[in-house]
Structures are given as structure tokens and as C-alpha cells.
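Position one of the sequence shown corresponds to residue 1 (full-length UniProt numbering), numbered consecutively onward.
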Amino acid sequence: YYCYILWGFLSFCLGGVTIFVALYDYEARTTDDLSFKKGERFQIINNTEGDWWEARSIATGKTGYIPSNYVAPADSIQAEEWYFGKMGRKDAERLLLNPGNQRGVFLVRESETTKGMYIY
Numbered sequence: 001y002y003c004y005i006l007w008g009f010l011s012f013c014l015g016g017v018t019i020f021v022a023l024y025d026y027e028a029r030t031t032d033d034l035s036f037k038k039g040e041r042f043q044i045i046n047n048t049e050g051d052w053w054e055a056r057s058i059a060t061g062k063t064g065y066i067p068s069n070y071v072a073p074a075d076s077i078q079a080e081e082w083y084f085g086k087m088g089r090k091d092a093e094r095l096l097l098n099p100g101n102q103r104g105v106f107l108v109r110e111s112e113t114t115k116g117m118y119i120y
């Protein structure tokens with residue numbers, strides 16, 4: 001069994017296979033692409049094509065190319081609903097102060113001033 005370190009986090013391993021999760025919906029633009037919904041899980045078959053990876057959907061078994069920036073390792077911080085990555089303080093405050101939010105809502109973002117730190 002092998003695990004890989006991606007984006008600074010230990011990826012999820014299953015029988016030597018790294019599992020990724022979709023961060024957004026994606027609608028195929030070519031016959032080689034794979035359409036998917038947010039939350040769908042994938043086995044990556046080939047990630048040597050740069051921004052487009054060949055993947056197999058665990059749910060459907062279908063194979064095709066997916067945009068690599070639409071997925072993250074299944075157990076990484078990037079896959080969490082509350083993680084917003086590079087977001088400025090003002091944008092974070094605007095999101096959090098939205099009147100439609102439930103009490104206790106939160107987010108985690110990268111610090112603008114201290115590299116490698118997170119703000120919540």
C-alpha cells in the first residue's frame with residue numbers, strides 16, 4: 001500500500017489507490033471528459049497530463065478526464081465544506097455576516113500575513 005503527500009496533507013489510501021473528491025460540479029465539454037457532481041469520489045488513473053487527469057468514478061465506474069483543480073484528496077483540508085483557502089478578511093467577513101447564515105457558521109481560510117497559518 002502506498003500513500004502520497006499532496007498539497008501538504010496525507011491523502012486517503014485504499015489498497016494503494018489515492019481517492020479524490022469533487023469540490024464542484026463539472027459538465028463534460030468533450031466526449032473524453034467525465035461529468036460529475038460535487039462530492040463524487042474518484043480513483044486517479046493518470047495525473048501526468050498536467051491540468052487534466054484521467055479518473056474513474058467510484059460511484060459509476062465511468063472513466064474520463066477531469067480538471068485537476070476541481071478535486072482534492074478525500075481526507076485533505078481542501079475537501080472540507082468549511083475550507084475556503086485563499087480568501088481575504090473582508091470577503092470572509094462578508095460571507096460570515098450574510099443574514100441567511102445559521103448561528104455558529106464558520107470558515108477556515110489561509111492567513112494573508114503569515115504563510116502556512118490558517119484563520120478561523
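Even glycine gets a Cβ: it sits at the ideal position worked out from N, Cα and C.
Residue from Leu23, Thr48, Ile44 whose Cα sits closest to the Cα of Phe36: Leu23
In chain order, what residues of the same chain have a beta carbon less than 6 Å from the beta carbon of Ala79, not counting five sequence neighbours either side? Val21, Ala72
Tell me, please, which residues DSSP counts as bridged to Asp51. DSSP output for Asp51 lists no bridge partner at all.
In the DSSP output, which residue or residues are listed as bridge partners for Ala22? Val71
For the beta strand (DSSP E) holding residue 130, just list the boundary residues, first then last. A question about residue 130 goes unanswered here, because the residues of the chain that appear run from 1 up to 120.
Roughly how many angstroms separate the alpha carbons of Gln102 and Glu81, rounded to a whole number? 15 Å
In terms of residues, what are the limits of the beta strand (DSSP E) holding residue 186? Any answer about residue 186 is impossible in this case: the structure gives the chain only from 1 up to 120.
In whole angstroms, what is the alpha-carbon distance linking Asp33 and Ala74? 21 Å
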